[in-house]
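Presented below is the structure to which this report refers.
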Amino acid sequence: GAGVSQSPSNKVTEKGKDVELRCDPISGHTALYWYRQRLGQGLEFLIYFQGNSAPDKSGLPSDRFSAERTGESVSTLTIQRTQQEDSAVYLCASSVSILSNQPQHFGDGTRLSIL
Amino acid sequence: EDQVTQSPEALRLQEGESSSLNCSYTVSGLRGLFWYRQDPGKGPEFLFTLYSAGEEKEKERLKATLTKKESFLHITAPKPEDSATYLCAVPISGGYNKLIFGAGTRLAVHP
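The listed protein sequences correspond, in order, to chains A and B. Going by my numbering, the first sequence opens with residue 3, and the numbers climb by one from there. Going by my numbering, the second sequence opens with residue 28, and the numbers climb by one from there.
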């Protein structure tokens, strides 16, 4: 497809379980970002990847959160031992590069609900 | 501390009633300001990038402007299909393209 693709679109899981969220960026985009959007709030930066450089993990809220990306392709965001406060929409975006003049293009997100 | 504040939180307009949304920002050395539109259940859709004070961009009924402290999104003769949440974002100080977002303005346009 032409846009950023995320899966699953919805995920319901029990507290304490691990979840894995997937993001397919736009082909040719070297930069990839993860954000979290809580109900009624703005987007919160989590992590970004740029090519083969070390990722910027400064936004990850705890060590239960981790993310990986292989080259310039798919990325996965993993949340271990989920808590109810992890309930949110997790959005992925990609851009041509990490330069600040490049707009980020978003997928439709994964809506995560922790019971 | 870098900050983005949008107002109003919600805005209700009649079809054809023009208005403006505000985005105030506090960041050292602005390197761009982005406007997005977000529909329910969807990801943000890119609208505009503005780089310097005085710059304006237009798209259909939308026009974005930028000053040294804030940006406005002007909506002229809106239609019901313009109903959405409008988000603005800026790159944080010294942080490449790490964006800080405002909480958004929820716009409802009624026929």
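Cβ atoms here follow ideal geometry from the backbone N, Cα and C, with glycine treated the same way.
Chain B contact for residue i (CB, 8 Å cutoff)
i, result
"A/G73", "no"
"A/P10", "no"
"A/F108", "yes"
"A/G34", "Residue identity check: residue 34 of chain A is Leu in the sequence provided, not Gly. False, the Cβ-Cβ gap to chain B never drops below 8 Å."
"A/G30", "no"
"A/L114", "no"
"A/V79", "In the sequence as presented, Val is not what sits at residue 79 of chain A; that position holds Leu. Not an interface residue."
"A/L23", "no"
Spatial neighbours of residue i in its chain, beta-carbon cut-off 7 Å, leaving aside the 5 residues before and after
i, result
"B/Q41", "H137"
"B/A111", "R64, Q65, D66, L134"
"B/K95", "A80"
"B/D109", "R88, I102, L134, V136"
Which listed residue (the options) has its alpha carbon closest to that of residue i
i, options, result
"A/S96", "A/Q86, A/H107, A/E87, A/S89", "A/H107"
"A/P63", "A/P27, A/L79, A/N54", "A/L79"
"A/T32", "A/I116, A/T112, A/T72", "A/T72"
"B/L114", "B/I127, B/A104, B/D29", "B/I127"
"A/S77", "A/I49, A/K19, A/Q104", "A/I49"
"A/L117", "A/K17, A/F67, A/C94", "A/K17"
"A/G53", "A/Q43, A/E70, A/R66, A/F47", "A/E70"
"A/F51", "A/S99, A/D65, A/G109", "A/S99"
"B/A139", "B/L48, B/R88, B/G43", "No answer is possible for residue 139 of chain B: the residues shown for chain B start at 28 and end at 138."
"B/E85", "B/F75, B/S79, B/T94, B/L93", "B/F75"
"B/A135", "B/Y52, B/K125, B/E44, B/E82", "B/E44"
"A/Q86", "A/T15, A/G5, A/S11, A/P10", "A/T15"
"B/T53", "B/E83, B/S98, B/R39, B/G68", "B/S98"
"A/P27", "A/Q82, A/S75, A/L101, A/L93", "A/S75"
Chain A contact for residue i (CB, 8 Å cutoff)
i, result
"B/N49", "no"
"B/G56", "no"
"B/G121", "no"
"B/L38", "no"
"B/K125", "yes"
"B/L134", "no"
"B/L60", "no"
"B/A111", "no"
Distance, residue j Cα to residue i Cα
i, j, result
"A/S60", "A/L45", "15 Å"
"A/W36", "A/G111", "10 Å"
"B/P35", "B/D29", "20 Å"
"A/L114", "A/S89", "5 Å"
"B/R58", "B/L100", "18 Å"
"B/P118", "B/L60", "7 Å"
"B/S120", "A/T84", "32 Å"
"B/P107", "B/G131", "18 Å"
"B/I102", "B/L77", "17 Å"
"B/G70", "A/Q8", "10 Å"
"A/L34", "B/T92", "28 Å"
"A/V91", "A/F67", "15 Å"
"A/F47", "B/E83", "27 Å"
Same chain only: Cβ atoms within 6 Å of residue i, ignoring 5 sequence neighbours per side
i, result
"A/E22", "T78, T80"
"A/D20", "Q82"
"A/R24", "S9, T78"
Beta-carbon proximity list for residue i, same chain, < 8 Å, skipping 5 on both sides
i, result
"B/E72", "Y63, R64, Q65, D66"
Residue i Cβ short of 7 Å to the ligand MN heavy atom set
i, result
"A/K59", "For the ligand MN, the structure offers nothing, since it holds no ligand at all."
Short-range partners of chain B found in the stretch 40-63 of chain A, where Cβ spacing is below 9 Å: The residues in question are G42, Q43, G44, L45, E46, F47, Y50, Q52, D58, S60, G61.
Residues of the stretch 69-102 of chain B with Cβ closer than 8 Å to any Cβ of chain A, in chain order: Against chain A - using a Cβ distance shorter than 8 Å - the residues of the stretch 69-102 of chain B are K69, G70, P71, E72, F73, T76, Y78.
Selection of the stretch 95-106 of chain A by Cβ proximity to chain B, strictly under 9 Å: From the stretch 95-106 of chain A, only A95, S97, S99, I100, L101, S102, N103, Q104, P105, Q106 have a Cβ closer than 9 Å to chain B.
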